[in-house]
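Mature numbering (1 follows the signal peptide of the UniProt record, and there is no 0) puts the sequence shown at residues -23 to -1, 1 to 665. In this text, a Cβ means the ideal position worked out from N, Cα and C, and glycines have one as well. Structure record follows, encoded as structure tokens.
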Amino acid sequence: MRVAFVHASALHGWAMLLRSSAAENLCESAAFSGVMPLYTSALLHSEQVPPLQSHFSLPSDQMLFQGLGKSPNSEIQRFPETPAVARGNSLAFITNPLRDSALNLGETITALIQTAGTPSPVSSVKKGKITKNSISLSWQEPDRPNGIILEYEIKYFEKDQETSYTIIKSKETMITADGLKPGSAYVFQIRARTAAGYGGFSRRFEFETSPVSVAASSDQSQIPIIVVSVTVGVILLAVVIGFLLSGSCCDHGCGWASSLRAVAYPSLTWRCGYSKAKQDPEEEKMHFHNGHIKLPGVRTYIDPHTYEDPNQAVHEFAKEIEASCITIERVIGAGEFGEVCSGRLKLQGKREFPVAIKTLKVGYTEKQRRDFLGEASIMGQFDHPNIIHLEGVVTKSKPVMIVTEYMENGSLDTFLKKNDGQFTVIQLVGMLRGIASGMKYLSDMGYVHRDLAARNILINSNLVCKVSDFGLSRVLEDDPEAAYTTRGGKIPIRWTAPEAIAFRKFTSASDVWSYGIVMWEVMSYGERPYWEMTNQDVIKAVEEGYRLPSPMDCPAALYQLMLDCWQKDRNSRPKFDEIVSMLDKLIRNPSSLKTLVNASSRVSNLLVEHSPVGSGAYRSVGEWLEAIKMGRYTEIFMENGYSSMDAVAQVTLEDLRRLGVTLVGHQKKIMNSLQEMKVQLVNGMVPL
């Protein structure tokens, strides 16, 4: 067995690779030649082995070793979020080489990896002011941040009550936890997050709140007097409150009764039958969000529209950023309410980093401003590696801005069209897995997206996909795919479940339907769902049981999952956690992705536009090829005996490759046109 030491410079660590097969052609040493933006082509083995030792620190993102073995283009990758498997002092990987003649498919590579891709734990925490109900803490940045610290997550709970905990997010190195019990011990743990993900939690730090003052209760002889006084006071209070409430029915909080209440109870604010004791706003935030109870350790989405003042929702969930901290570099897009730009953000005490900036154009209405910032109020509640991250907002100066993380590759549909046929099936499934993971998180929080589509998924340079576009009322007004329905309102018909179109019933199950369409978009490299069919034809066909055909070269297991997502009965569709689990199983067993949907199945399920596109619609092969903008191949078809439309209708994908049509995009365009003609030849569509 040979050993290869690989310097993982891009990951700030070292990796040692061991070849476990009999082959001895792995180099004694190999240098890192960089990390390419590829996704998964090697997977952790899933057999039952002892858990990973604590000294391993794997990055949360994908990892690629390149230049191993005799082949200079060899690639070995780790799929993110799969369970680490230890064998003694090493990890076991199952590889699925892309271009490595030195490695066999399924060959086991054992890797010992120690890397600092994520921040090291916070090592020191200092206590500040402590009261009977609050504890203030501060800490230093991790010794090895390994990047820009984006935020800290503070987890705390009452001692011996670990299952009931609270999470606080902070951009600063200090927090105050309030709403605590007097004279009680609390345990705190802190971890930092960079672009590579969260580091490990710090060790546990224990602090105790101040006890209740004993002076007032030390004299036991006063207890009977106190009991009697309290009893009398409660009775009198009940009488007065009853009197005041009866008065409020007449004056609605105005006049003499209002004045009497203000004198008798200055600590209460009255609003026509509704009262709320004044308290510290931060303490209130710990337990209630505008009337919504927040349980410790449980995160639930809160609709910003439930706030009387939309500005309160923005400042509740989004951090205010000074405009002077932002540098706008260039415009990368435009929308109905303004522009989208790329730029840089420099926060005090932090390094500058790239961001995306949405601006609200001059002359906006108050409703436009409310809708614009509503997206920030929604986005600010989410914290997941597959959800676009909100950095903050600018509301105190103009232009009003929303600042988010920057995704280098832009929208997923455009990116796939530009890179048609460039990725392996495993890489595409990795993208789908990320989207499903983000949607599972949203579903668990009780948030329904309603506009899930590849155009609303952003992708970064590491091929990590993130769900975006949360301001539905604004997004749909600006969405070219949205169309008005007979019940009013705009809906993206091609991505929307039938019950949502018919009854405007949007649920997590309708998001699952949309996810199935996204799967189809990804596997077809950004092709438009239902092609050029009209929205009304799409609605009619779906209602009659027709479904999109399998994309070319699509694994049967993936297409079956799409069909499951498109079940008419929403209760029969899989949940997002089930989808994530299914994709994980496929990823861990690459051989399950080798069985493709056969051509006859694609024909029987194909949807076509209702205009004449059959072989009879074209007078010659040349006219047909020109119509689909493939006229360059006319001479090749004629030279190889495909001189009539009847002959062309029998062409297969292998025939195209033999003819020299090697570009995947051209193959798809020709085959899709042929499939449409075949369907018309067998007298139209066949429902599922």
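Nearest-angstrom beta carbon gap, residue j and residue i [assumed within contact, 8 Å]
{"i": "residue 354", "j": "residue 333", "result": "No, residue 354 and residue 333 are not in contact; Cβ-Cβ is about 18 Å, not under 8 Å."}
{"i": "residue 412", "j": "residue 444", "result": "7 Å"}
{"i": "residue 560", "j": "residue 409", "result": "6 Å"}
{"i": "residue 365", "j": "residue 391", "result": "Incorrect: roughly 16 Å between the Cβ atoms, too far for contact."}
{"i": "residue 547", "j": "residue 474", "result": "7 Å"}
{"i": "residue 98", "j": "residue 170", "result": "Contact flag wrong, Cβ pair sits at about 12 Å."}
{"i": "residue 293", "j": "residue 370", "result": "Rounded, the Cβ-Cβ distance is 12 Å, inconsistent with contact."}
{"i": "residue 489", "j": "residue 551", "result": "7 Å"}
{"i": "residue 172", "j": "residue 124", "result": "6 Å"}
{"i": "residue 613", "j": "residue 636", "result": "5 Å"}
{"i": "residue 109", "j": "residue 159", "result": "4 Å"}
{"i": "residue 680", "j": "residue 130", "result": "In the structure displayed, the chain extends from -23 to 665; residue 680 sits before or after that span and is not available."}
{"i": "residue 605", "j": "residue 646", "result": "6 Å"}
{"i": "residue 533", "j": "residue 574", "result": "5 Å"}
{"i": "residue 140", "j": "residue 115", "result": "Not quite, the Cβ-Cβ distance comes to about 27 Å (not below 8 Å), so this is no contact."}
Residue i: first and last residue of the uninterrupted beta strand (DSSP E) it sits in
{"i": "residue 166", "result": "162 to 171"}
{"i": "residue 155", "result": "151 to 155"}
{"i": "residue 490", "result": "Residue 490 -> not in any beta strand (DSSP E); alpha helix (DSSP H) instead, spanning 485 to 500."}
{"i": "residue 116", "result": "111 to 116"}
{"i": "residue 125", "result": "It is not in any beta strand (DSSP E) - residue 125 carries neither H nor E in the DSSP assignment."}
{"i": "residue 102", "result": "102 to 107"}
{"i": "residue 375", "result": "That residue, residue 375, is in no beta strand (DSSP E); it is neither H nor E in DSSP."}
Residue interval of the alpha helix (DSSP H) (run including residue i)
{"i": "residue 565", "result": "553 to 565"}
{"i": "residue 574", "result": "Careful: residue 574 lies outside any alpha helix (DSSP H) and carries neither H nor E."}
{"i": "residue 625", "result": "622 to 625"}
{"i": "residue 507", "result": "Neither: residue 507 is in no alpha helix (DSSP H) and is coded neither H nor E."}
{"i": "residue 291", "result": "287 to 294"}
{"i": "residue 611", "result": "611 to 616"}
{"i": "residue 391", "result": "389 to 395"}
{"i": "residue 406", "result": "402 to 421"}
{"i": "residue 598", "result": "598 to 604"}
{"i": "residue 439", "result": "Taken as a continuous stretch (DSSP letters only), residue 439 belongs to no alpha helix (DSSP H), as it is neither H nor E."}
Assigned exposure category for residue i - 16 Cβ within 10 Å defines buried
{"i": "residue 396", "result": "exposed"}
{"i": "residue 563", "result": "buried"}
{"i": "residue 553", "result": "buried"}
{"i": "residue 510", "result": "buried"}
{"i": "residue 176", "result": "buried"}
{"i": "residue 307", "result": "exposed"}
{"i": "residue 268", "result": "Note that residue 268 scores 43 on pLDDT, short of 50, meaning its location in the model is unreliable; the coordinates nonetheless yield the value given after this. Exposed, since its Cβ has fewer than 16 Cβ neighbours within 10 Å."}
{"i": "residue 500", "result": "buried"}
{"i": "residue 661", "result": "With a pLDDT of 41 at residue 661, under the threshold of 50, the predicted position of this residue should be treated as unreliable, though the coordinate-derived value follows. Per the 10 Å Cβ criterion, exposed."}
{"i": "residue 347", "result": "buried"}
{"i": "residue 39", "result": "Note that residue 39 scores a pLDDT of 37, beneath 50, so its modelled location is shaky; the value from the coordinates is reported in the next line. Buried is the call here."}
{"i": "residue 654", "result": "buried"}
{"i": "residue 120", "result": "exposed"}
{"i": "residue 358", "result": "buried"}
For residue i, the nearest candidate out of the options (CA to CA)
{"i": "residue 373", "options": "280, 615, 281, 288", "result": "288"}
{"i": "residue 597", "options": "285, 623, 485, 575", "result": "623"}
{"i": "residue 314", "options": "306, 340, 308", "result": "340"}
{"i": "residue 529", "options": "636, 421, 648, 569", "result": "648"}
{"i": "residue 496", "options": "638, 482, 541, 512", "result": "541"}
{"i": "residue 394", "options": "421, 491, 505, 437", "result": "505"}
{"i": "residue 133", "options": "118, 507, 157", "result": "157"}
{"i": "residue 526", "options": "512, 545, 493", "result": "493"}
{"i": "residue 187", "options": "430, 115, 106", "result": "106"}
{"i": "residue 401", "options": "606, 143, 136, 571", "result": "571"}
{"i": "residue 352", "options": "651, 321, 282, 638", "result": "282"}
{"i": "residue 569", "options": "325, 535, 179", "result": "535"}
{"i": "residue 174", "options": "503, 122, 135, 165", "result": "122"}
{"i": "residue 299", "options": "317, 312, 379, 359", "result": "379"}
{"i": "residue 516", "options": "538, 533, 469, 539", "result": "469"}
{"i": "residue 416", "options": "476, 385, 478, 487", "result": "487"}
{"i": "residue 387", "options": "420, 336, 650, 317", "result": "317"}
{"i": "residue 438", "options": "472, 383, 418, 431", "result": "383"}
{"i": "residue 672", "options": "447, 433, 502", "result": "Lying outside -23 to 665, the shown extent of the chain, residue 672 is not represented and no answer is given."}
{"i": "residue 311", "options": "338, 290, 323", "result": "338"}
{"i": "residue 385", "options": "291, 435, 522, 631", "result": "435"}
Bridge-paired residues (DSSP) for residue i
{"i": "residue 304", "result": "321"}
{"i": "residue 533", "result": "Paired residue(s): none; residue 533 is not in a bridge."}
{"i": "residue 369", "result": "380"}
{"i": "residue 666", "result": "Nothing in the structure corresponds to residue 666, since the chain is present only between -23 and 665."}
{"i": "residue 667", "result": "Not covered by the structure: residue 667. The range shown for the chain is -23 to 665."}
{"i": "residue 182", "result": "165"}
{"i": "residue 143", "result": "133"}
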